[in-house]
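Colleague:
There are 2 protein chains.
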Amino acid sequence: MSPKAEAPARPRERLTRNRVIDAALLIMDADGIEAVTMRRVAREVGVEAMSLYNHVTDKEDLLDGICARVMADFRFPDEEGDWVATTRHGASEWRRVLKSHPNVLALFAERNKPMTDLDALMPMEFALRTIGRAGIGEREAVQVFNVMGGYIMGFVMMESGRMFGGGTMEKDTPSPDQMAHVLAAGQLPCVAAALPHLASCDPDEQFAFGLDLLLAGLQARYGLPA
Amino acid sequence: MSPKAEAPARPRERLTRNRVIDAALLIMDADGIEAVTMRRVAREVGVEAMSLYNHVTDKEDLLDGICARVMADFRFPDEEGDWVATTRHGASEWRRVLKSHPNVLALFAERNKPMTDLDALMPMEFALRTIGRAGIGEREAVQVFNVMGGYIMGFVMMESGRMFGGGTMEKDTPSPDQMAHVLAAGQLPCVAAALPHLASCDPDEQFAFGLDLLLAGLQARYGLPA
DNA sequence: GGTGTATGCTTACGATGTACGTGAACATAG
DNA sequence: CTATGTTCACGTACATCGTAAGCATACACC
Chain C
-6 MSPKAEAPAR PRERLTRNRV IDAALLIMDA DGIEAVTMRR VAREVGVEAM
44 SLYNHVTDKE DLLDGICARV MADFRFPDEE GDWVATTRHG ASEWRRVLKS
94 HPNVLALFAE RNKPMTDLDA LMPMEFALRT IGRAGIGERE AVQVFNVMGG
144 YIMGFVMMES GRMFGGGTME KDTPSPDQMA HVLAAGQLPC VAAALPHLAS
194 CDPDEQFAFG LDLLLAGLQA RYGLPA
Chain W
-6 MSPKAEAPAR PRERLTRNRV IDAALLIMDA DGIEAVTMRR VAREVGVEAM
44 SLYNHVTDKE DLLDGICARV MADFRFPDEE GDWVATTRHG ASEWRRVLKS
94 HPNVLALFAE RNKPMTDLDA LMPMEFALRT IGRAGIGERE AVQVFNVMGG
144 YIMGFVMMES GRMFGGGTME KDTPSPDQMA HVLAAGQLPC VAAALPHLAS
194 CDPDEQFAFG LDLLLAGLQA RYGLPA
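Protein chains in written order, with the numbering used here: chain C, -6 to 219; chain W, -6 to 219.
Right, here's the structure in full:
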């Protein structure tokens, strides 16, 4: 029974950068971005805080790892059909990835450096390739990429952040603080009229609506798909 | 010379919620979001940290105040012309506001509650009113609002955050770390081809490009302006 | 004058990121 | 086999963060 006699083989399995980042992502999804603490992550992987620094240089590095990790979740649609269909699938997939880790958008927003990880850039490669299949030149392809990417990220930000009411307007929270008071003052009639629709509109439908607007515009400008 | 004998009248002018928030916004614009510290804000307004709590309940409240303050910077365009022109001006103005405080987007992203301040909601009121002028019904107006708002916020996020390279590709930083290495590996040919355009494209032009796509789609769907 | 209400200051506490030093497990050379 | 160098986890320590609590000061109104 002496703990030294029989070597416990590998009492705890070796820590890994991936294990650290996975734990951090799990914490962020569950308890928000401010819950991602070196001590908390360490506890989650069964280790002391300082041990994490053997696998990440910084907390900054850890957060970068989370970003790359999320981008790696992107599942590439097949590229069989026309570019419009592929674009639609790619856009939906990007939205799915962002929505499945709702707090990662804040990370993206506060991180002012571009991604360098291969996994993180492959969705961009996919997008540019698909846009190129529409017969759009390299320079315009960049424009289209920024426009579509911006639309997707912004839309998810609005739908998950609920900056302008709507998400929090469940019936158990009929008047979030001063909002109702401001509305009752008679100003903001359009906002007041829009509130019930904010709560009831189907996000999927809205997303497709705007996406179709952009795609229709592109098709009109660059010709119909083959 | 006794400091008590001659009352210095008003040696420091009274602190105000607005003064606190203004200072915080200034710090955030200058040194980033993580530099906004209670102690730092206090020092900037010439006061000790705890004195701020007479004017804001939390740091949370302070950040909310920054958000509202930024929204209040919105300068409403005149609503003389047709709704398309008004929409274009409103969108550009919103982008201007967001770009003039580049770090506020991260604040918006990590704040999961809707705005309740009257000043913060007036741009939304303006947008909904303008959309309504196009003859779009209340329900669809909400969709259009979300689509346009998402596009604007997402576009600014991509152009100021530079998530996908481009901004940081100035000539003094030709290869940000591993990026060049990854590209040289031969994968990501489309990204490699796009990089020079990322750096050279005019953001204003790109923004108008996507905005026109959306507006053209709306006009096609809802009829031409009066 | 006295008195109450704002408002600012000081001290203090727990949590955070991380610099630094120690020690155990393992690989390889002699 | 021992000796030695590398890797990795641990523990301690410190500056800085948000903020709770108590005290001090100044002004409004009687």
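Cβ atoms here follow ideal geometry from the backbone N, Cα and C, with glycine treated the same way.
Please go through the segment 84 to 128 of chain C and give each complete alpha helix (DSSP H) segment of 4 or more residues, from N-terminal end onward.
Modeller: Whole alpha helix (DSSP H) segments, 4+ residues: 97 to 103, 111 to 126.
Colleague: Use the C-beta contact count for GLN180/W: other C-beta atoms within 10 angstroms, 16 or more gives buried, fewer gives exposed.
Modeller: Exposed is the call here.
Colleague: Verify the CB distance criterion: does MET31/W have a CB-CB separation below 8 Å to chain C?
Modeller: False, the Cβ-Cβ gap to chain C never drops below 8 Å.
Colleague: Determine contact between the segment 74 to 87 of chain W and the segment 114 to 131 of chain W, defined as no fewer than three beta-carbon pairs at a distance below 8 Å.
Modeller: Because the criterion of three Cβ pairs below 8 Å is met, the segment 74 to 87 of chain W and the segment 114 to 131 of chain W touch.
Colleague: Just the C-alpha distance for VAL184/C and ASP24/C, rounded to the nearest angstrom, thanks.
Modeller: Approximately 31 Å between the Cα atoms of the pair.
Colleague: With DSSP as the reference, label ALA65/C as helix, strand or coil.
Modeller: Correct three-state label for ALA65/C: coil.
Colleague: Roughly how many angstroms separate the alpha carbons of PRO167/C and THR109/W, rounded to a whole number?
Modeller: With a pLDDT of 43 at PRO167/C, under the threshold of 50, the predicted position of this residue should be treated as unreliable, though the coordinate-derived value follows. Approximately 13 Å, taken between the alpha carbons.
Colleague: Looking only at C-alpha atoms, which of MET21/W, ARG155/W, ARG104/W, GLY128/W sits nearest to PHE101/C?
Modeller: If we check each option's Cα against that of PHE101/C, ARG155/W comes out closest.
Colleague: At a Cβ threshold of 8 Å, is GLY143/W touching chain C?
Modeller: Yes, GLY143/W lies at the interface with chain C (some Cβ there is under 8 Å from its Cβ).
Colleague: If you draw a straight line from the alpha carbon of PRO107/C to that of VAL135/W, how long is it in whole angstroms?
Modeller: Distance between the alpha carbons of PRO107/C and VAL135/W: 33 Å.
Colleague: What does ASN47/C reach in chain W if we use C-beta pairs closer than 7 Å?
Modeller: Within chain W, no residue comes near ASN47/C; the closest Cβ sits about 20 Å away, beyond 7 Å.
Colleague: For a contact meaning CB atoms closer than 8 Å, what does ARG122/C contact in chain W?
Modeller: By Cβ distance, chain W contributes CYS183.
Colleague: Against chain W, does HIS250/C count as a neighbour if the rule is that its beta carbon must be under 8 Å from one of theirs?
Modeller: This structure cannot speak to residue 250/C, because chain C is shown only from -6 to 219.
Colleague: Does DSSP put SER153/W in a helix, a strand or coil?
Modeller: Helix.
Colleague: Beta-carbon within less than 7 Å of GLU86/C's beta-carbon, same chain only, minus the 5 sequence neighbours each way: which residues are those?
Modeller: Counting only Cβ-Cβ distances below 7 Å, and skipping sequence neighbours, we find PHE67, ARG68, PRO70.
Colleague: Using 10 angstroms around the beta-carbon of THR50/C, count the other beta-carbons present and answer buried if the total reaches 16, otherwise exposed.
Modeller: THR50/C is exposed by the Cβ-count criterion.
Colleague: CA-CA distance, ILE20/W and ARG12/C?
Modeller: For ILE20/W and ARG12/C, the distance between alpha carbons rounds to 36 Å.
Colleague: Let's test the definition: count the other Cβ atoms within 10 Å of the Cβ of ALA99/W and tell me whether it reaches 16, buried, or not, exposed.
Modeller: Result: buried.
Colleague: For the alpha helix (DSSP H) containing HIS190/W, list its first residue and its last residue.
Modeller: Residues 182 to 193.
Colleague: Give the secondary structure of LEU211/W by DSSP, where H, G and I count as helix, E and B as strand, and everything else as coil.
Modeller: LEU211/W: helix per DSSP, three-state reduction.
Colleague: Hey, would you say TYR144/W sits closer than 8 Å to LEU191/W, going by beta carbons?
Modeller: Result no, Cβ atoms of TYR144/W and LEU191/W do not sit closer than 8 Å.
Colleague: Does any C-beta atom of chain W lie closer than 8 Å to the C-beta of THR161/C?
Modeller: The pLDDT assigned to THR161/C is 46, lower than 50, so where the model puts this residue is not dependable, and the model offers no usable value.
Colleague: ASP54/C by DSSP, collapsed to three states: which one?
Modeller: Three-state DSSP puts ASP54/C in a helix.
Colleague: Using CA atoms only, rank isn't needed, just tell me which of SER93/C, THR30/C, ALA61/C is closest to ASP22/C.
Modeller: It is SER93/C whose Cα lies nearest to the Cα of ASP22/C.
Colleague: Could you tell me which chain C residues have their CB closer than 8 Å to the CB of ARG155/W, listed as they occur along the chain?
Modeller: Under the 8 Å cutoff, chain C gives ASN105, LYS106, PRO107.
Colleague: DSSP state of ASP197/W, grouped into three classes?
Modeller: If DSSP states are grouped into helix, strand and coil, ASP197/W belongs with the helices.
Colleague: Could you tell me the boundaries of the alpha helix (DSSP H) in which ARG36/W lies?
Modeller: Counting along the chain, the alpha helix (DSSP H) containing ARG36/W begins and ends at 31 to 38.
Colleague: Strictly below 7 Å CB to CB, what residues from chain W border GLU118/C?
Modeller: Residues of chain W passing the Cβ test: LEU181, CYS183, VAL184.
Colleague: Between the Cα of ASN105/W and those of ASN47/C, ALA28/C, ASN96/C, spot the shortest distance and give me the residue it belongs to.
Modeller: Out of ASN47/C, ALA28/C, ASN96/C, ASN96/C has the C-alpha closest to the C-alpha of ASN105/W.
Colleague: Determine the direct distance from the alpha carbon of PHE157/C to that of PHE202/C, and round the result to whole angstroms.
Modeller: Their backbone Cα atoms lie some 19 Å apart in a straight line.
Colleague: Assuming ALA84/W and MET141/W make a contact with CB atoms under 8 Å, what is their CB distance in whole Å?
Modeller: Indeed they touch by this definition, with Cβ atoms about 7 Å apart.
Colleague: Along the alpha helix (DSSP H) that carries ALA17/W, what are the first and last residues, could you check?
Modeller: Here the alpha helix (DSSP H) through ALA17/W covers 10 to 24.
Colleague: State yes or no: is the beta carbon of VAL77/W nearer than 8 Å to at least one beta carbon in chain C?
Modeller: Not an interface residue.
Colleague: Could you check whether the Cβ of PHE101/W sits closer than 8 Å to any Cβ belonging to chain C?
Modeller: Yes, contact with chain C.
Colleague: Roughly how many angstroms lie between the CA atoms of ALA16/C and VAL34/C, to the nearest whole one?
Modeller: Whole-angstrom Cα-Cα distance: 6 Å.
Colleague: State yes or no: is the beta carbon of ASN11/W nearer than 8 Å to at least one beta carbon in chain C?
Modeller: It does not; no Cβ of chain C falls within 8 Å.
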